[in-house]
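Notes follow once the structure below has been shown.
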Amino acid sequence: MTILSSVLSWKARLSLSRQILVLLCLLGSLFAVLSTLSNAYWEQQKNSERTEAIVASVDTYFVPKIQRYIKVKDQPQLEAVVKELYRFAEVDGVKIAMSGSNDIQLGQFSSQNSVVSHWELEEGYSDKTLSLALVSPNQIEWQDRFSYKEFATQSLLALLVVLIGYITLLNSIIKPIREMSHRVGEIDENNLPNKIHFQSHWFQDELSQFNERYNNAVVRIRETFLQLSNVCQQAEIAKARKSDLMSTMSHEIRNSLNSYVGMVSLLKDEPSKEELKEFSALIQSATANLQDLVSDIHDMSQLETGRLDIVKKDFSINELVDDIDAMFRAKATEKDLLFQCTLDSSISPRLLGDKSRIRQVLRNLLSNAIKFTDSGYVLLDVQHLSYDDNSETILFEVKDSGVGIERPQQDEIFEQNISSDSSERNTTGVRLGITRNLIHLMGGHLRLDSEPGVGTHFSFTLRFSYSSEQSVMIDDELDKPRALLLDDYCLNMRITSIQLDKMGWESTCCQDISYVTTMLKTALKKGLAYQLLVIDHDLAYLDSFDFVKQIKEGLGDKAPSIMMISSSKFDHKEAIKHGVDTCLVRPYDVDDLERKVKSAFEKEPLAPPPHLLVRKPVVKSLLRVLLVEDQVSNQVVMKKMLERLGVDVSVAENGRVAVSKCAVEHYDLVLMDCQMPVMDGFEATFSIRKMENESNLRVPIVALTANVLAEEKKRCFEVGMDGFVSKPVSLSKLSTVLRKHVSNFEFIVKDSKSNSESSELSKKRTTH
Numbered sequence: 001m002t003i004l005s006s007v008l009s010w011k012a013r014l015s016l017s018r019q020i021l022v023l024l025c026l027l028g029s030l031f032a033v034l035s036t037l038s039n040a041y042w043e044q045q046k047n048s049e050r051t052e053a054i055v056a057s058v059d060t061y062f063v064p065k066i067q068r069y070i071k072v073k074d075q076p077q078l079e080a081v082v083k084e085l086y087r088f089a090e091v092d093g094v095k096i097a098m099s100g101s102n103d104i105q106l107g108q109f110s111s112q113n114s115v116v117s118h119w120e121l122e123e124g125y126s127d128k129t130l131s132l133a134l135v136s137p138n139q140i141e142w143q144d145r146f147s148y149k150e151f152a153t154q155s156l157l158a159l160l161v162v163l164i165g166y167i168t169l170l171n172s173i174i175k176p177i178r179e180m181s182h183r184v185g186e187i188d189e190n191n192l193p194n195k196i197h198f199q200s201h202w203f204q205d206e207l208s209q210f211n212e213r214y215n216n217a218v219v220r221i222r223e224t225f226l227q228l229s230n231v232c233q234q235a236e237i238a239k240a241r242k243s244d245l246m247s248t249m250s251h252e253i254r255n256s257l258n259s260y261v262g263m264v265s266l267l268k269d270e271p272s273k274e275e276l277k278e279f280s281a282l283i284q285s286a287t288a289n290l291q292d293l294v295s296d297i298h299d300m301s302q303l304e305t306g307r308l309d310i311v312k313k314d315f316s317i318n319e320l321v322d323d324i325d326a327m328f329r330a331k332a333t334e335k336d337l338l339f340q341c342t343l344d345s346s347i348s349p350r351l352l353g354d355k356s357r358i359r360q361v362l363r364n365l366l367s368n369a370i371k372f373t374d375s376g377y378v379l380l381d382v383q384h385l386s387y388d389d390n391s392e393t394i395l396f397e398v399k400d401s402g403v404g405i406e407r408p409q410q411d412e413i414f415e416q417n418i419s420s421d422s423s424e425r426n427t428t429g430v431r432l433g434i435t436r437n438l439i440h441l442m443g444g445h446l447r448l449d450s451e452p453g454v455g456t457h458f459s460f461t462l463r464f465s466y467s468s469e470q471s472v473m474i475d476d477e478l479d480k481p482r483a484l485l486l487d488d489y490c491l492n493m494r495i496t497s498i499q500l501d502k503m504g505w506e507s508t509c510c511q512d513i514s515y516v517t518t519m520l521k522t523a524l525k526k527g528l529a530y531q532l533l534v535i536d537h538d539l540a541y542l543d544s545f546d547f548v549k550q551i552k553e554g555l556g557d558k559a560p561s562i563m564m565i566s567s568s569k570f571d572h573k574e575a576i577k578h579g580v581d582t583c584l585v586r587p588y589d590v591d592d593l594e595r596k597v598k599s600a601f602e603k604e605p606l607a608p609p610p611h612l613l614v615r616k617p618v619v620k621s622l623l624r625v626l627l628v629e630d631q632v633s634n635q636v637v638m639k640k641m642l643e644r645l646g647v648d649v650s651v652a653e654n655g656r657v658a659v660s661k662c663a664v665e666h667y668d669l670v671l672m673d674c675q676m677p678v679m680d681g682f683e684a685t686f687s688i689r690k691m692e693n694e695s696n697l698r699v700p701i702v703a704l705t706a707n708v709l710a711e712e713k714k715r716c717f718e719v720g721m722d723g724f725v726s727k728p729v730s731l732s733k734l735s736t737v738l739r740k741h742v743s744n745f746e747f748i749v750k751d752s753k754s755n756s757e758s759s760e761l762s763k764k765r766t767t768h
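Position 129 of the sequence shown, counted from 1, bears residue number 129 in the UniProt record's numbering, the numbering being contiguous throughout.
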């Protein structure tokens, strides 16, 4: 066992070159032996054939010749014949036996080493014979010497072949394989395999192919590793950015919530009227910030998944710029900034584009400009660049004299939450990133030029198609009456604006009294005159009665109807004397506002403008609506709004209860929440439609959900729903749904222009 183990161990340590050498030696030895044996065999065969030929020649030639010479007793000729036979190398002895002493013999005969053949020379005379010894005495020794010599020759030849073959194999095969065996296992500092480099062969053999393919595989592995490394690095960066983003968002949300919690706790202490106004303003600011954060998060999610679509509709670029001007002028004035919005008059008044997204882009850029500008100016410039038969290219520029952005940060400002002051946590980078992506979706490219201490310049170009209705504006928004609100207190103005919007008005807010006259005149020139001017009585640094008088004298019969609102009592008769058409005192409810707006136009000789809100049903509606909602707070709010519209409401807390109610009662409409416990809205709708197939009755089902994704809307219609309403739901949305899906519902109401509504507006009475 020990010997066997040592042999196996030796074999295990035997290299490939030694294995080949041993194999070649064995093959060479085998070749020498086989070659020697083969030569000996063929030599023996050759000798046997020659011996047989000699014997045959003796029979046919020599015996007759000897017999003839014996008859004539020619001794010399007999001796000559014997000599001739002896000349053959295979003949070692020749003897002619004759009677007497006349025998003729050459060579020697040995019974041990010779094979003697005899021939009778005369028939009947046995004493006269011819004897031949065909095997010489040293024949075996000569064959032995010949075999050893042949074996030695063949062995030397085999050794030479083995050496040549081994050297050839060593250089062409063994060394490359040995080098590959050493290099294949080598890795670099990144744990990646290295390429193999050895001398190229004359021919494209298997080793060359292996070397090439292995090196190609190494290159692919390295490239894949680099790609994966880059992906991992980008993922880590994205993870860090998302972590920073979530931290920033959490910070902003907590700030907004902190305002809510703090203000609510302070409201419990019965604050004074001035404190109440201050608290309301803070709550409004926190609400706006929270709404912006939610919108930003939603937009980011839509952009990352590629689900954000650009919806092109007919819009007025003039109205867009006016809205932006009114939105930011007060903020800029608070910081003593020069704020100016300029619009190229050659731009077509009606274009096709996504007005809400363009407004969002400009809002983000301007809010960022005002935020980081402490002194100087903030400018919005909208210029015409080029046009063709079907479209027009417009340049948008936002310039400021703010702190500027460092050159290294300009590439990162769109992706990270940074500002010129790295200690300030904000969502500037997030909103700029959203802005850039929105511009890209609309076919443009956002450019940035900034210098620290000098200012920042954002610009982008967009191409818009012409509206099919350039001269006659038939959009629903243009049919709305227009109201201009003047108040130095933003919260009051905003609430009144929302209330007017709910009544079907298109309202514009203004905090700077110096722009009111210009806005009224500009609107008249554009054919978009304001029908109503709402003025706060308690304007700072100005007598409101004198201002009304200026408006009436400046515009004459083209002046709008004027309504004056005040938080304190004032002389209404004095107001009417100065040109005020109607007055309203806070607090007031919505019905009071509606009544006062109507009274302002009833005093006019002209008929009141269309689309005034009538808040009472023409005929009491006897509609029955099933509200399917799992949250109690939403049940209460939705039920009160529906009851306000004159609807009989029944509530189901989940889909299973809704199916049971629909099985035993008939409803004119079902408002179905989609996400509920026990049974969701999709399964409930499917079950209701299945029941209706048997009764041939169909009740309209409208989805009521906070999910605004296109997939959600598509799924609602696939299961059999007839409509889709996204939360939050306003009173105007509900009335629109009822008008659309219930034929006998009689209620005149216009859709709200605003997507968000203060929770205060869901109450019948609003105090501010």
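Glycine included, each C-beta is placed from N, C-alpha and C at the ideal position.
These numbers come from a predicted model, not from an experiment.
Below 8 angstroms on the Cβ atoms is my contact criterion, and I expect residue i with residue j to pass it. Report the Cβ-Cβ distance as a whole number of Å.
| i | j | result |
| --- | --- | --- |
| A703 | M721 | 5 angstroms |
| K331 | I370 | 5 angstroms |
| Y530 | P560 | 5 angstroms |
| Q360 | L438 | 7 angstroms |
| T333 | D488 | Their Cβ separation, rounded to whole angstroms, is 10 angstroms, which puts T333 and D488 out of contact at 8 angstroms. |
| N211 | I196 | 6 angstroms |
| S450 | I405 | 4 angstroms |
| I54 | V82 | With 8 angstroms as the limit, I54 and V82 do not qualify as a contact, their Cβ atoms being about 14 angstroms apart. |
Counting only the same chain and skipping the five closest in sequence on each side, list residues whose C-beta sits under 8 angstroms from that of residue i.
| i | result |
| --- | --- |
| F717 | F724 |
Kindly identify the DSSP beta-bridge partner or partners of residue i.
| i | result |
| --- | --- |
| Q383 | L395 |
| residue 783 | There is no way to answer for residue 783, as the model of the chain reaches only from 1 to 768. |
| G107 | G93 |
| K313 | G353 |
Classify residue i as buried or exposed, calling it buried when 16 or more other Cβ atoms lie within 10 Å of its own Cβ.
| i | result |
| --- | --- |
| T36 | buried |
| C341 | buried |
| N390 | exposed |
| I495 | buried |
| P605 | Note on P605: pLDDT 37, under 50, position unreliable in the model; no value is reported. |
| D546 | exposed |
| C232 | exposed |
| K569 | exposed |
| M676 | buried |
| F225 | exposed |
| N76 | Residue identity differs from the one stated: residue 76 is Pro in this sequence, not Asn. Answer is exposed; the Cβ neighbour count stays below 16. |
| S136 | Per-residue confidence for S136 stands at a pLDDT of 45, beneath the threshold of 50, marking its modelled position as unreliable; no derived number is given. |
| Q154 | buried |
Leaving aside the five residues before and after residue i along the sequence, list all residues of the same chain whose C-beta is less than 7 angstroms from its C-beta, in chain order.
| i | result |
| --- | --- |
| S467 | D314, R350, L351 and L352 |
| M564 | I535, H537, S544, A575, V580 and C583 |
| V678 | N654, G655 and R656 |
| S759 | Model confidence at S759 stands at a pLDDT of 36, short of 50, so the residue's coordinates are unreliable; what they give is reported in the following sentence. Same-chain partners within the cutoff: there are none. |
| S316 | P349 and R350 |
On a CA-only basis, which of the options is nearest residue i? Give me that one, please.
| i | options | result |
| --- | --- | --- |
| C25 | V161, Q108 and V72 | V161 |
| R307 | E712, K740 and F601 | E712 |
| S29 | L159, M327 and Q302 | L159 |
| Q550 | K569, S567, L520 and S568 | L520 |
| R296 | N215, L432, G646 and L23 | The question names Arg, but residue 296 is Asp in the sequence shown. The shortest C-alpha separation from D296 is found at L432. |
| D381 | Y387, E392 and L366 | L366 |
| S465 | S348, E334, P700 and R689 | S348 |
| S386 | D325, F372, I317 and T461 | T461 |
| residue 769 | H578, A240, M180 and L338 | One cannot answer for residue 769 here, as it falls past the ends of the chain, which runs 1 to 768. |
| L645 | E270, E90 and V737 | V737 |
| K640 | S599, A658, T168 and L734 | L734 |
| P452 | V403, R482 and I177 | V403 |
| M327 | N364, L528 and L343 | N364 |
Between residue i and the rest of its own chain, which residues show a CB-CB distance below 6 angstroms, the 5 nearest in sequence each way excluded?
| i | result |
| --- | --- |
| E424 | In this prediction, E424 scores a pLDDT of 43, lower than 50, which makes its location untrustworthy; the coordinate-derived value is nonetheless stated afterwards. No residues qualify anywhere along the chain. |
| T705 | C674 |
| Q302 | L308 |
| M493 | L485, D487 and C509 |
| M442 | I310 and L462 |
| L627 | M638, V649, V651 and L671 |
| Q635 | E629 and V651 |
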